[in-house]
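Protein chains in written order, with the numbering used here: chain A, 1 to 315; chain B, 1001 to 1330.
We put the beta carbon where it would ideally sit given N, CA and C, even for glycine.
From a predicted model like this one, the values you see are computed outputs, not experimental measurements.
Below: the structure, in structure tokens.
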């Protein structure tokens, strides 16, 4: 990229190290400042091939060869519509034919061979396969998402495994030291034959190892019928998004009655207000309507607004 | 709760003068819109005055009450109260000449039935009316939205009936009055008369209810004054007591003034005058009204047609665009 020069202003990377080459659909390069200058109005024509271009289609050139750049661009565009998968075909031969067709189209477009007919072919394909294209697009999005999740999950698992291994190793080291100390203690203070003691310890270590080997059986993730179970099988369900909003803060309801103070719910029963209301029948009680509610409502209506005062009359 | 209701916020007025002023404004506005060709002096020979409009409204309030009483299946009091509220509210800002009260009256009752959960179908409803029921159905359903719009969609109404129940419960609990149930007939009679006045637009439902109970008590030579001053208002409400006493007195005097009988001759004259000066655009018997309705229907059809044709052309243009976008043309 070092010997790059802008075809219009002839600025090179050497003269201006921060030079950025941009490229549009036609594949001809231009430096950033020339783009700014020529496409002030948002659209204009390519200084080399006079093709009308739009400014927001310019992007930074990644490859040295502008033709590659052009091909990448075209490929991206074509594959957006030609998005069939191998599963969509009956046989491998058909799939291969399809791939070949795609490659031909891309090649034709990049090398300006029979552009009119090729474009017609794309249009035709688009029209014929509209539904298929939409479906595949949706599928693609979902698959990418699932893949991402899988990767994330694997990363977590790896992290976990690393930690486990570390803990295990340190545990084993400690155990060995402890065993050695025990052996030496025994040898020092026991009255038994030293050879016997060493043998029994060796036996114990061996047994412990065997047990460990038994204790770690392989976790099954498949039934014999091939159906997955366990955590892996859940990957097809997306987790329910949980919104983290501010926590709900309870505020007791304050009632402005604009009237005398109401008796409380306890007072309604204690002071005998409910003696003067019809008691609720069984059906009403099932619905949760007890006589004190009706009583409370009547009292509330009677008291609220008793202090009502007319506003000053505005003429 | 009344204190937080739209009724308290938007439909409580300060005085009868304010109400009369608003009604006069509605009357003036109507005359200015439709009577510009008649000179000042002879305007009221043709149009109704605000005072005459008020008499008309009062008369139709009585008819509203009678209609509700005769209604089958029998209505609850809340429906009647709510219908009264709607009717009163409507003619604060509207002229009788623009919308005939007999049409608005039935629409108010029909809407009140719905709002107060008194379930009658429109067929059941018009079965209570005399005359052409088909036409009545059309009128009610056409006016329903207009009515709601004029009420600003403030549909829930606080009537004084439940407050009366609350007060009676409170009196039974906290007052030594002998058999408070005796107060009931007097209270109901008072409230019925109160609906024919403007008190429901000036005082809160609980104040009206209290006035009704006190009135009924005084009719029975009982005295509830100590209950109101000591028990109901108590120490914390002492400052508000004067205002309430004044309100109760005003309510009672306004209700006392109700004159339920009307002068027959005057009624006939007013009816004739209204028939001449009512706005033909809102008169379902007039040619203009029929034309307007037809025009509205046609407009709907036209609208539908333009929409569908526009959709068609859009479809076509998208097809064209896809052809244009193909490099063959480019």
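If you measure between the beta carbons of residue i and residue j, is that distance less than 7 Å?
i: residue 1083(B); j: residue 1109(B); result: yes
i: residue 9(A); j: residue 28(A); result: no
i: residue 1160(B); j: residue 1172(B); result: no
i: residue 1258(B); j: residue 1193(B); result: yes
i: residue 1204(B); j: residue 305(A); result: yes
i: residue 1233(B); j: residue 1212(B); result: no
i: residue 1196(B); j: residue 1061(B); result: yes
i: residue 1236(B); j: residue 309(A); result: no
i: residue 74(A); j: residue 118(A); result: no
i: residue 1006(B); j: residue 1154(B); result: yes
i: residue 95(A); j: residue 103(A); result: no
i: residue 1216(B); j: residue 1239(B); result: no
i: residue 298(A); j: residue 1169(B); result: yes
i: residue 1142(B); j: residue 1030(B); result: no
i: residue 945(B); j: residue 1198(B); result: Beyond the ends of chain B as shown, which are 1001 and 1330, falls residue 945(B); an answer cannot be given.
i: residue 292(A); j: residue 274(A); result: yes
i: residue 1104(B); j: residue 1022(B); result: no
i: residue 90(A); j: residue 136(A); result: no
i: residue 115(A); j: residue 81(A); result: no
i: residue 1167(B); j: residue 1209(B); result: yes
i: residue 256(A); j: residue 1313(B); result: no
i: residue 1231(B); j: residue 1184(B); result: no
i: residue 181(A); j: residue 197(A); result: no
i: residue 307(A); j: residue 259(A); result: yes
Starting from residue i, follow the beta strand (DSSP E) in both directions and report where the run begins and ends.
i: residue 1012(B); result: Unbroken run through residue 1012(B): none, as it is neither H nor E.
i: residue 1163(B); result: No beta strand (DSSP E) holds residue 1163(B); the alpha helix (DSSP H) holding it covers 1161 to 1174.
i: residue 30(A); result: 29 to 31
i: residue 44(A); result: 43 to 45
i: residue 1105(B); result: Careful: residue 1105(B) lies outside any beta strand (DSSP E), inside the alpha helix (DSSP H) at 1101 to 1115.
i: residue 1057(B); result: Looking at the DSSP string, residue 1057(B) is not in any beta strand (DSSP E); the run it does join, the alpha helix (DSSP H), is 1050 to 1070.
i: residue 22(A); result: 21 to 23
I'd like the span of the alpha helix (DSSP H) that includes residue i, first residue to last.
i: residue 1277(B); result: 1264 to 1277
i: residue 1079(B); result: 1077 to 1093
i: residue 1217(B); result: 1205 to 1219
i: residue 1189(B); result: 1183 to 1195
i: residue 1044(B); result: 1043 to 1046
i: residue 1253(B); result: 1241 to 1256
i: residue 1199(B); result: 1199 to 1202
For residue i, which option in the options has the closest C-alpha, if you only look at C-alpha atoms?
i: residue 277(A); options: 1165(B), 1005(B), 1143(B) and 1065(B); result: 1165(B)
i: residue 267(A); options: 296(A), 175(A), 259(A) and 246(A); result: 296(A)
i: residue 262(A); options: 107(A), 303(A), 173(A) and 71(A); result: 303(A)
i: residue 1089(B); options: 1114(B), 1037(B), 1005(B) and 1150(B); result: 1150(B)
i: residue 1078(B); options: 1162(B), 1009(B), 1041(B) and 1004(B); result: 1162(B)
i: residue 35(A); options: 7(A), 17(A) and 159(A); result: 7(A)
i: residue 1182(B); options: 1221(B), 1199(B) and 1154(B); result: 1221(B)
i: residue 23(A); options: 37(A), 310(A), 203(A) and 60(A); result: 60(A)
i: residue 1158(B); options: 1012(B), 1219(B) and 1309(B); result: 1012(B)
i: residue 1085(B); options: 1156(B), 1176(B) and 1238(B); result: 1156(B)
i: residue 79(A); options: 106(A), 62(A) and 258(A); result: 106(A)
i: residue 52(A); options: 38(A), 207(A), 211(A) and 65(A); result: 38(A)
i: residue 1277(B); options: 1010(B), 1210(B), 1218(B) and 1095(B); result: 1095(B)
i: residue 1146(B); options: 1295(B), 1306(B) and 1282(B); result: 1282(B)
i: residue 31(A); options: 57(A), 40(A) and 12(A); result: 12(A)
i: residue 77(A); options: 25(A), 97(A) and 113(A); result: 25(A)
Counting only beta-carbon separations shorter than 7 Å, does residue i have a partner in chain E?
i: residue 53(A); result: Of the protein chains in this structure, namely A and B, none is chain E.
Across the region 1256 to 1276 of chain B and the region 1053 to 1061 of chain B, are there enough close Cβ pairs to call them in contact, namely three or more that are closer than 8 Å? yes
Within the region 51 to 99 of chain A, ranges of the beta strand (DSSP E) (whole runs, at least 3 residues): 52 to 54
Looking at C-beta atoms only, is the number of pairs between the region 271 to 291 of chain A and the region 1128 to 1142 of chain B that lie closer than 8 Å three or more? no
State whether the region 1273 to 1282 of chain B contacts the region 1040 to 1050 of chain B, with contact taken as three or more CB pairs (one from each stretch) at a distance under 8 Å. yes
Just to confirm the assignment: which complete alpha helix (DSSP H) runs, minimum length 4, are found wholly within the region 257 to 304 of chain A? 265 to 270, 282 to 286 and 291 to 303
Hey, which unbroken runs of the alpha helix (DSSP H) at 4 residues or more fall wholly within the region 1122 to 1149 of chain B? 1122 to 1126
Please give me, in chain order, every unbroken run of the beta strand (DSSP E) with length at least 3 that falls completely inside the region 112 to 182 of chain A. none
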